[in-house]
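Colleague:
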Amino acid sequence: MSQQTTDLSTLNTQFESAYPQDVLRWSAETYGDDLAVVTSFQPTGIVTLHMLSEVAPETTVLTLDTGLLFPETYALMDELEALLDLRLIRIKPTLTVAQQAEAHGAELWKHDPDQCCNIRKTVPLSDALVGYEAWITGLRRDQSEGRQSTPIVSWDQKNQKVKLSPFATWTEEMIWTYIHAHELPYNTLHDRNYPTIGCYPCTQPVSPHEENKRAGRWVGHAKTECGIHVAAN
Ligand code: SF4
4 MSQQTTDLST
14 LNTQFESAYP
24 QDVLRWSAET
34 YGDDLAVVTS
44 FQPTGIVTLH
54 MLSEVAPETT
64 VLTLDTGLLF
74 PETYALMDEL
84 EALLDLRLIR
94 IKPTLTVAQQ
104 AEAHGAELWK
114 HDPDQCCNIR
124 KTVPLSDALV
134 GYEAWITGLR
144 RDQSEGRQST
154 PIVSWDQKNQ
164 KVKLSPFATW
174 TEEMIWTYIH
184 AHELPYNTLH
194 DRNYPTIGCY
204 PCTQPVSPHE
214 ENKRAGRWVG
224 HAKTECGIHV
234 AAN
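Shown next, in the form of structure tokens:
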């Protein structure tokens, strides 16, 4: 185990009982301009951005504009950018949706969603993260089975950066309590049974009784993650 991994493991133990605001403050003080937060403007991302606007408002915000987001998501992005005065960078894939269809076939998400996510999300994000030392995500342990062991801080082997998930220990209820307490805007699709929201071709509403909040993503495929948060082999 490398020294850096050992240090991060010690830090992770300390952060287990820390308030996310303290983890965010530590991240900003430690990495300064080399820190970026990556968000798709889902509830945890909204809380992250609101806390960061108080402790480190200069932090760069990266979001993936796949060209396939819901109109409600674009509207929320604009609203929060203005409200919180975000330093927002909208990352776009090299190929437009039309160019992708020409190169790889129409509606690639239907026959090869992994390749589609790779082109429209994973590669553009990895490229955008070059030059940063650390990035903040909105991962939480209660979001899915695959995220149950999410550390608060870890080494992201794939991108060769420190990865922070300050809200790993928070529950969905805590996130919504914060959003309502601070009267923050959120994606109106959440009120129409979309617990998590990605690209419109790959996101469906779910039953209010569904326990797996990510059940509406990539329905009909074995896929559960876009690849951004899948560790490198
Ligand atoms: S979520 Fe769907 S449409 Fe969006 S990049 Fe992935 S496969 Fe393509």
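Counting from 4, one number per residue, gives the positions in the sequence shown under my numbering. Here a beta-carbon is modelled for each residue, glycine too, at the ideal position from N, C-alpha and C.
#1: Classify T180 as helix, strand or coil using the three-state DSSP reduction.
#2: In angstroms with no decimal places, state the Cα-to-Cα distance between D10 and K95.
#3: Considering only the beta carbon of each residue, do H53 and L142 sit closer than 7 Å?
#4: Look at the alpha carbon of N236 and the alpha carbon of V133, and state the distance between them as a whole number of angstroms.
#5: Straight-line CA distance for H185 to H107?
#6: Closer than 6 Å to a non-hydrogen atom of ligand 1 - does that hold for the CB of I95?
#7: Quick one: is S168 buried, meaning 16 or more other Cβ sit within 10 Å of its Cβ, or exposed?
#8: How big is the Cα-Cα spacing for T272 and S30?
#9: Quick one: grab the DSSP three-state call for D37.
#10: Kindly give me the distance between the Cβ atoms of A171 and R144, rounded to whole angstroms, as I take these residues to be in contact under 8 Å.
#11: The alpha helix (DSSP H) with V50 in it runs from where to where?
#12: Can you give me the Cβ contacts of W112 inside the same chain, cut-off strictly under 6 Å, excluding the 5 residues immediately before and after it?
#13: Just to confirm, does G201 get its C-beta within under 6 Å of one of the non-hydrogen atoms of ligand 1?
#14: Does the segment 60-80 touch the segment 41-52, meaning 3 or more C-beta pairs lie closer than 8 Å?
#15: If you drop the 5 nearest sequence neighbours on each side, which residues of the same chain put their C-beta closer than 7 Å to that of H224?
#16: In three-state DSSP terms, what is R90?
#17: So which of P23, K216, T76 has the shortest CA-CA distance to S147?
#18: Would DSSP call N236 helix, strand or coil?
#19: Between the C-alpha atoms of N162 and Y135, what's the straight-line distance to the nearest angstrom?
#20: Please tell me whether T63 and A39 are closer than 7 Å, where the distance is taken between their beta carbons.
Modeller: On the basis of the data shown:
#1: Assignment of T180 by DSSP, reduced to helix, strand and coil, places it in the helix class.
#2: D10 and K95 have their alpha carbons spaced roughly 34 Å apart.
#3: In this structure, L142 does not lie closer than 7 Å to H53 by Cβ.
#4: With a pLDDT of 43 at N236, under the threshold of 50, the predicted position of this residue should be treated as unreliable, though the coordinate-derived value follows. If I take the Cα positions, the gap works out to 20 Å.
#5: When rounded, the distance between both Cα atoms is 44 Å.
#6: In the sequence on display, residue 95 carries Lys and not Ile. The closest heavy atom of ligand 1 lies 6 Å or more from the beta carbon of K95.
#7: S168 is buried by the Cβ-count criterion.
#8: Because the chain here runs from 4 to 236, residue 272 falls outside it and cannot be looked at.
#9: D37: helix per DSSP, three-state reduction.
#10: The beta-carbon distance between A171 and R144, rounded to whole angstroms, is 5 Å. This is short enough to meet the 8 Å contact definition.
#11: Segment 46-58, the alpha helix (DSSP H) holding V50.
#12: Cβ within range, chain order: C119, P204, C205.
#13: Flag set: Cβ of G201 near ligand 1.
#14: Because the criterion of three Cβ pairs below 8 Å is met, the segment 41-52 and the segment 60-80 touch.
#15: Listed in chain order, the non-local C-beta contacts of H224 below 7 Å within the same chain comprise P116, local neighbours out to five positions each way being set aside.
#16: It is a strand residue.
#17: Ranking the options by Cα distance to S147, first place goes to K216.
#18: Low confidence applies here, because N236 scores a pLDDT of 43, under 50, leaving its location unreliable and the question unanswered by this model.
#19: Answer to the nearest angstrom: the Cα atoms are 10 Å apart.
#20: Taking 7 Å as the Cβ cut-off, T63 and A39 qualify as a contacting pair.
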